[in-house]
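Worksheet: one structure, shown below.
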Amino acid sequence: MTTSEPVKVLAVIPARHASVRFPGKPLAPIAGRPMIQHVVERVRKAQQVSRVVVATDEQSIKTAVESFGGEAILTRHDHRTGTDRVAEVATHLPAEIYVNVQGDEPLIDPGTIDALVSAMLEDDTVSVGTPCTLIAQSGDIMDPNVVKVVRDFDGNALYFSRAPIPWVRDTREKVVAQHWKHLGLYAFRRDALLEFPTLPPGDLERLEQLEQLRWLENGFRIRAVETNYDAVSVDVPADVARVEALLREGSGS
Numbered sequence: 171m172t173t174s175e176p177v178k179v180l181a182v183i184p185a186r187h188a189s190v191r192f193p194g195k196p197l198a199p200i201a202g203r204p205m206i207q208h209v210v211e212r213v214r215k216a217q218q219v220s221r222v223v224v225a226t227d228e229q230s231i232k233t234a235v236e237s238f239g240g241e242a243i244l245t246r247h248d249h250r251t252g253t254d255r256v257a258e259v260a261t262h263l264p265a266e267i268y269v270n271v272q273g274d275e276p277l278i279d280p281g282t283i284d285a286l287v288s289a290m291l292e293d294d295t296v297s298v299g300t301p302c303t304l305i306a307q308s309g310d311i312m313d314p315n316v317v318k319v320v321r322d323f324d325g326n327a328l329y330f331s332r333a334p335i336p337w338v339r340d341t342r343e344k345v346v347a348q349h350w351k352h353l354g355l356y357a358f359r360r361d362a363l364l365e366f367p368t369l370p371p372g373d374l375e376r377l378e379q380l381e382q383l384r385w386l387e388n389g390f391r392i393r394a395v396e397t398n399y400d401a402v403s404v405d406v407p408a409d410v411a412r413v414e415a416l417l418r419e420g421s422g423s
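Going by my numbering, the sequence shown opens with residue 171, and the numbers climb by one from there.
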């Protein structure tokens, strides 16, 4: 890696080759192009992003990104989380704000990225930001694969959980409860991001298997920004057909 002039907002897309359920996922073809290309092209549409780089542990992914005109850098193989990989990038590429974009979301919404970055720029006391969206399907509330978040009056995350939070105790009353889904997109200020690999994981992170709880357990504040976008990720090969169908319908435009 080479050091360059600082940029305002650097979007980093971690892309691992190894995946238990879908090896080589970043290069999986979707509508004739590798998935990572879809992600890069959509992130480039975000008006608040100054530069986009793919952080990978595999030369074939780096070569593929460069073949379509993208920028990619090689990182270590032993990172436990995507945030750790982004933190490695931050040690070499200075920026004010780093956006961690999941490499398996080929329909990522540029507007949501802009809203998240804007929230960070408007309040320089916020070190970490992430989006959330209102849950529309009642089944998602009880689904442990759908991570829920509850917030304080200022929009800061109080807790993230796989459990249905808030829990409506008195079902005899007519209660209108809103449940918010956490989306795996993050924005960090540089100092906070560089500190993340040194933070000790706590019991909550280990129990829930949610890395964002490490920030809360270590006293950081996370601003949870509302969005209407709901993530569509590619977790297994069967998800490719679903994304291609959405692209044909124009849902991913």
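Just so it is clear, CB atoms sit at the ideal spot from N, CA and C, and this is done for glycine as well. In this text the structure is predicted, and so the values were computed from the model without any measurement.
Sub-8 Å separation of residue i and residue j beta-carbons
| i | j | result |
| --- | --- | --- |
| residue 436 | residue 399 | Coverage of the chain is limited to positions 171 through 423, which leaves residue 436 absent and any answer about it impossible. |
| residue 300 | residue 218 | no |
| residue 232 | residue 303 | no |
| residue 197 | residue 230 | yes |
| residue 206 | residue 273 | yes |
| residue 402 | residue 277 | yes |
| residue 177 | residue 210 | no |
| residue 365 | residue 374 | no |
| residue 332 | residue 378 | yes |
| residue 282 | residue 397 | yes |
| residue 317 | residue 380 | yes |
| residue 170 | residue 216 | In this structure the chain extends from 171 to 423, so residue 170 is not present and cannot be described. |
| residue 305 | residue 262 | no |
Spatial neighbours of residue i in its chain, beta-carbon cut-off 8 Å, leaving aside the 5 residues before and after
| i | result |
| --- | --- |
| residue 361 | 297 |
| residue 193 | 187 |
| residue 405 | 191, 192 and 274 |
| residue 390 | 297, 298 and 362 |
| residue 407 | 192 and 198 |
| residue 239 | none |
Chain C contact for residue i (CB, 8 Å cutoff)
| i | result |
| --- | --- |
| residue 225 | Absent from the structure: chain C. Only one protein chain is present. |
beta-carbon residue i near the ligand GDP non-hydrogen atom, thresh 7 Å
| i | result |
| --- | --- |
| residue 274 | Absence of the ligand GDP from the depicted structure is noted, as is the absence of any ligand whatsoever, leaving it without description. |
DSSP three-state assignment for residue i, whether helix, strand or coil
| i | result |
| --- | --- |
| residue 198 | coil |
| residue 363 | helix |
| residue 286 | helix |
| residue 244 | strand |
| residue 353 | coil |
| residue 374 | helix |
| residue 249 | coil |
| residue 420 | coil |
Close-in-space but distant-in-sequence residues of the same chain around residue i (CB under 6 Å, 5 per side omitted)
| i | result |
| --- | --- |
| residue 327 | 319, 321, 392 and 394 |
| residue 368 | none |
| residue 249 | 255 |
| residue 358 | 268 and 298 |
| residue 354 | 272 |
| residue 291 | none |
Contact set for residue i: own chain, Cβ-Cβ below 7 Å, skip 5 residues either direction
| i | result |
| --- | --- |
| residue 214 | 222 |
| residue 201 | 414 and 417 |
| residue 363 | 256, 257, 260 and 268 |
| residue 189 | 195 |
| residue 410 | 198, 200 and 404 |
| residue 312 | 334 |
| residue 288 | 218 |
Tell me, please, whether the segment 181–193 touches the segment 258–278 by the rule of three or more beta-carbon pairs shorter than 8 Å.
Judged by Cβ distances under 8 Å, the segment 181–193 makes contact with the segment 258–278, as three or more pairs qualify.
Inset, instruction - With a floor of 3 residues, list each beta strand (DSSP E) that falls wholly inside the segment 254–279, ordered by position along the chain. - result: 265–270, all fully within the segment 254–279.
_Can you confirm whether the segment 219–229 touches the segment 242–254 when touching is taken to mean that 3 or more C-beta pairs between the two stretches lie within less than 8 Å?_
The segment 242–254 vs the segment 219–229: in contact.
Quiz prompt | Runs of alpha helix (DSSP H) wholly within the segment 289–349 (minimum 4 residues, chain order) | solution = Taking only runs of at least 4 residues, the alpha helix (DSSP H) segments lying wholly in the segment 289–349 are 308–312.
List, from N- to C-terminal side, the beta strand (DSSP E) runs of 3 residues or more that fit wholly inside the segment 185–241. Runs of the beta strand (DSSP E) inside the segment 185–241: 221–226.
Notebook entry, point to check: In the segment 379–418, which residue ranges form an unbroken beta strand (DSSP E) of at least 3 residues, counting only runs that do not cross its ends?
Noted result: Fully enclosed beta strand (DSSP E) runs of 3 or longer: 392–396.
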